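Peer 1: Before I ask anything, let me first share the structure, which is written out below as structure tokens.
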Amino acid sequence: MIALYRVLVLVGLIGLWWLISLQVGGVIIPSPPATLGAAQMLLAEGRLLPALGDSLITFLGGYGLAIIVAIPFGLLMGAFAPVGKTLEVYVFALAATPRVAFVPLIIVFLGLGVEAKIFIVFLGAIMPILINTYAGVLATDRDLLEMAQSVRAGRVETFRRIVLPGAVPFIIAGLRLGATIGLINTVVAELYTAVRGLGGLLALYGNTFRMAEYFVIVLMLACIGVLVAEGLRLAEKRLVRWKSGS
Amino acid sequence: MTEPAAHVVLSGVSKHFGHRDGTPMAALTGVDLTIATGEFVAILGPSGCGKTTLLRLLDGLLQPDTGSICVGGAPPRPGPETGLVFQSFRLIPWANVRDNIDFALTSSGLSLSERAEKVDEAIALVGLQRFASAYPGELSGGMKQRVALARALASEPQLLLMDEPFASLDAQSRELMQTELMALWARRRPTVVFVTHSVEEAILLADRVVLMAPRPGRVIESLPVDLPRPRWGYDVHGHPSFIALRRHLSERLRELVLTDPGSDFFQRGAPRS
């Protein structure tokens with residue numbers, strides 16, 4: 001049912017897009033068929049897929065690295081109160097600083113290549129994942145902890161069976177935020193360092209007013225966002241299966 | 001008949017908690033209580049009388065400020081030797097019935113297959129075989145409390161501590177659970193300390209009712225219940241001993257609440273005729 005509604009909304013959005021395109025003229029807002037044509041042309045020229053590949057490497061590299069670092073670090077901060085209390089103020093400070101501010105510094109150290117791009121994505125994606133993981137551990141149900149204490153469950157067992165599963169919904173929320181920021185930073189990285197990937201094409205077509213091609217790239221980016229969000233939704237459904245019964 | 005061996009001995013136990021304004025608040029003062037092995041004791045009292053604190057002390061989750069507690073000859077410590085049942089069930093929402101019960105056996109030193117056997121036994125004991133792989137969210141309140149009971153009993157503890165376990169259940173589930181508990185107790189005969197604020201529940205279940213007063217929490221009366229067991233299959237509530245005890249305990253409870261400056265009903269009672 002929802003799927004049907006979704007398709008209906010999609011049709012409505014495309015209709016609206018078309019209508020606006022007719023109103024303001026195809027030069028500024030290309031019509032859907034013109035955009036489709038541009039997409040076919042970009043594909044035929046072999047420009048779209050390599051750019052997509054570049055962007056995916058940047059995004060997935062930085063995002064993956066952020067996950068690998070943020071989750072264990074967040075768990076560590078949550079599980080050992082002195083570590084968490086000591087570091088949280090710095091984590092929050094770093095999270096509040098616009099990460100774009102670091103781009104010149106990153107270029108100095110890592111250059112303009114893929115390493116710098118991945119690092120920019122990593123820096124953006126890591127904070128929400130880290131902060132959410134930490135919050136998830138801190139939000140552990142005190143009553144369950146007392147229950148664990150009363151059956152003399154060890155620290156490891158308590159962490160594995162109570163704290164960690166309880167933090168999963170928080171971690172997934174963090175992964176979602178991290179993916180969004182990671183995708184934004186992918187484009188930022190491609191604009192501020194060596195101009196490549198989907199971000200590079202975006203700049204190219206935007207600056208030369210080739211709006212149909214420009215729209216293709218914007219839609220591509222939106223599709224990546226939707227795919228990542230869906231993937232996370234499926235992961236959540238699997239991991240938080242116990243909620244379905246209630 | 002010989003005097004049964006004492007299982008739990010409290011002497012001169014008191015416990016204070018830091019209050020918001022900094023002055024320590026007495027949760028329990030001068031509690032002396034001896035409980036025999038296999039005895040079923042109900043702790044009855046209005047809110048604020050330290051019933052729950054008493055249970056935490058008996059489980060070893062808290063240490064007394066003064067006085068001593070002995071369970072089986074040693075100071076209590078949390079673990080599989082003592083089962084604790086909470087009012088709010090405290091089941092792990094993401095673990096099914098089987099894993100919830102198994103969690104209580106992690107420190108038992110048993111092998112995985114022995115643990116699985118104990119879990120099966122506990123599940124059978126409370127009659128939840130059909131729901132072994134259900135999640136707590138899929139169970140009714142009564143069934144959740146049966147899981148919690150099975151978890152507390154899985155390690156075959158000698159001492160079972162119950163903190164108003166049936167207070168959040170509907171009237172019918174409560175009645176069924178009370179009968180179920182009495183049947184379980186008759187089979188396994190652990191020592192039970194059952195905290196409740198219901199006079200009827202205390203008399204129905206226990207060998208002895210210990211009455212506590214609030215602020216500071218203290219024991220003021222200890223009354224044996226001489227109702228024939230098993231207490232099902234006949235009209236327990238109509239038994240003369242039940243009626244006399246209920247009248248006495250209700251009076252005392254009422255008095256305690258009306259004369260307690262900390263209670264919501266302080267000096268609020270209707271005048272006696």
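Same order as they appear, the protein sequences are chains A and B. Counting from 1, one number per residue, gives the positions in the first sequence under the working numbering. Counting from 1, one number per residue, gives the positions in the second sequence under the working numbering. Even for Gly, the Cβ is constructed at its ideal location relative to N, Cα and C. These numbers were taken from a predicted model, which means no experiment stands behind them.
#1: How many Å lie between residue 173 of chain A and residue 162 of chain A at the Cα?
#2: I need the straight-line Cα distance from residue 94 of chain B to residue 133 of chain B, nearest angstrom please.
#3: Give a yes or no on whether the minimum CB-CB distance between residue 92 of chain B and chain A is below 8 Å.
#4: Can you look up residue 99 of chain B in the DSSP assignment and give me helix, strand or coil?
#5: So does the region 55 to 64 of chain A actually touch the region 192 to 203 of chain A, counting three or more Cβ pairs closer than 8 Å?
#6: Check the Cβ-Cβ distances between residue 62 of chain A and every residue of chain B, and say whether any is below 8 Å.
#7: Which term fits residue 217 of chain B, buried or exposed, when burial requires 16 or more other beta carbons within 10 angstroms of its beta carbon?
#8: Under 8 Å, with one C-beta from each stretch per pair, do the region 91 to 111 of chain B and the region 27 to 43 of chain B reach the 3-pair mark?
#9: Starting from the beta carbon of residue 153 of chain A, find every residue of chain B whose beta carbon is closer than 7 Å, and list them in chain order.
#10: If you measure between the beta carbons of residue 203 of chain A and residue 121 of chain A, is that distance less than 8 Å?
#11: Does the pairing of the region 145 to 152 of chain A with the region 41 to 51 of chain A give three or more beta-carbon distances under 8 Å?
#12: On the DSSP bridge list, what partners appear for residue 13 of chain B?
#13: Short of 8 Å Cβ to Cβ, which residues in the region 44 to 65 of chain B face chain A?
#14: In chain order, which alpha helix (DSSP H) runs of at least 4 residues are fully inside the region 30 to 68 of chain A?
#15: Rank A/33, A/175 and A/134 by C-alpha distance to the C-alpha of residue 83 of chain A and give the top, closest one.
#16: Could you check the C-alpha separation between residue 68 of chain A and residue 52 of chain A for me, to the nearest Å?
#17: Could you give the distance in angstroms between the alpha-carbon of residue 77 of chain B and the alpha-carbon of residue 57 of chain B?
#18: With the cut-off set at 8 Å, would you say residue 125 of chain B and residue 97 of chain B are in Cβ contact?
#19: Could you name the residues that DSSP lists as bridge partners for residue 194 of chain B?
#20: Between residue 79 of chain B and chain D, is the shortest Cβ-Cβ distance under 8 Å, so that the two count as touching?
#21: Helix, strand or coil for residue 237 of chain A? Go by DSSP, reduced to three states.
#22: Counting only beta-carbon separations shorter than 8 Å, does residue 245 of chain A have a partner in chain B?
#23: Along chain B, which residues have their Cβ under 7 Å away from the Cβ of residue 162 of chain A?
#24: Quick one: which chain B residues come within Cβ less than 8 Å of residue 138 of chain A?
#25: If we require 4 or more residues per run, which alpha helix (DSSP H) segments fall completely within the region 53 to 128 of chain B?
#26: Assuming contact is defined by CB atoms lying nearer than 8 Å, are residue 141 of chain B and residue 168 of chain B in contact in what I supplied?
Peer 2: Answer, in terms of the structure:
#1: Here the question's residue 173 of chain A lines up with position 173 in the first sequence. Here the question's residue 162 of chain A lines up with position 162 in the first sequence. Distance between the alpha carbons of residue 173 of chain A and residue 162 of chain A is about 19 Å.
#2: Position 94 of the second sequence, counted from the start, is the residue given in the question as residue 94 of chain B. Position 133 of the second sequence, counted from the start, is the residue given in the question as residue 133 of chain B. If I take the Cα positions, the gap works out to 11 Å.
#3: Position 92 of the second sequence holds residue 92 of chain B. Closer than 8 Å: yes.
#4: As a working mapping, residue 99 of chain B is identified with position 99 in the second sequence. Residue 99 of chain B falls in the helix class under three-state DSSP.
#5: Touching, yes, given that three or more Cβ pairs across the two stretches are closer than 8 Å.
#6: Taking the first residue of the first sequence as position 1, residue 62 of chain A is located at position 62. So no, residue 62 of chain A is outside the interface.
#7: Here residue 217 of chain B refers to the residue found at position 217 when the second sequence is read from its first residue. Buried is the call here.
#8: Result no; under three Cβ-Cβ pairs closer than 8 Å.
#9: Sequence index remark: in the first sequence, residue 153 of chain A carries index 153 (1-based). Within chain B, the residues near residue 153 of chain A are 103, 106 and 107.
#10: Start at 1 with the first residue of the first sequence, and residue 203 of chain A comes out as number 203. Start at 1 with the first residue of the first sequence, and residue 121 of chain A comes out as number 121. Note that the C-beta distance between residue 203 of chain A and residue 121 of chain A is not below 8 Å.
#11: No: fewer than three Cβ pairs fall under 8 Å.
#12: Indexing the second sequence from 1 puts residue 13 of chain B at position 13. Secondary-structure assignment with DSSP links residue 13 of chain B through a beta bridge to B/31.
#13: Residues of the region 44 to 65 of chain B with a C-beta less than 8 Å from any C-beta of chain A: 59 and 61, listed in chain order.
#14: Complete alpha helix (DSSP H) runs here, min 4: 32 to 45.
#15: Walking along the first sequence from the start, residue 83 of chain A turns up at place 83. In this structure, A/134 is the residue among A/33, A/175 and A/134 with its C-alpha nearest to the C-alpha of residue 83 of chain A.
#16: Counting from 1 along the first sequence, the entry for residue 68 of chain A is found at position 68. Counting from 1 along the first sequence, the entry for residue 52 of chain A is found at position 52. Going from the Cα of residue 68 of chain A to the Cα of residue 52 of chain A covers about 23 Å.
#17: Taking the first residue of the second sequence as 1, we reach residue 77 of chain B at position 77. Taking the first residue of the second sequence as 1, we reach residue 57 of chain B at position 57. About 9 Å.
#18: Position 125 of the second sequence, counting from 1, holds the residue named residue 125 of chain B. Position 97 of the second sequence, counting from 1, holds the residue named residue 97 of chain B. No, Cβ-Cβ distance for residue 125 of chain B and residue 97 of chain B is not below 8 Å.
#19: As a working mapping, residue 194 of chain B is identified with position 194 in the second sequence. In the DSSP output, where bridge partners are listed per residue, residue 194 of chain B has B/42 and B/162.
#20: Going by chain labels, chain D is absent from the structure shown, which instead holds the protein chains A and B.
#21: Sequence index remark: in the first sequence, residue 237 of chain A carries index 237 (1-based). Here residue 237 of chain A sits in helix by DSSP.
#22: Taking the first residue of the first sequence as 1, we reach residue 245 of chain A at position 245. Bear in mind that a pLDDT of 47 at residue 245 of chain A, under 50, signals an unreliable position, so the number given afterwards is only what the model happens to contain. Under the 8 Å criterion on CB atoms, residue 245 of chain A is classed as interfacial with respect to chain B.
#23: The residue given as residue 162 of chain A occupies position 162 in the first sequence. Those are 92, listed as they occur along chain B.
#24: Here residue 138 of chain A refers to the residue found at position 138 of the first sequence. Those within 8 Å of residue 138 of chain A in chain B number zero; the least Cβ separation is about 18 Å.
#25: Taking 4 residues as the shortest admissible run, the region 53 to 128 of chain B contains the following complete alpha helix (DSSP H) segments, listed from N- to C-terminal end: 97 to 103 and 112 to 125.
#26: Along the second sequence, read from residue 1 onward, the residue named residue 141 of chain B stands at position 141. Along the second sequence, read from residue 1 onward, the residue named residue 168 of chain B stands at position 168. In contact: residue 141 of chain B and residue 168 of chain B (Cβ atoms closer than 8 Å).
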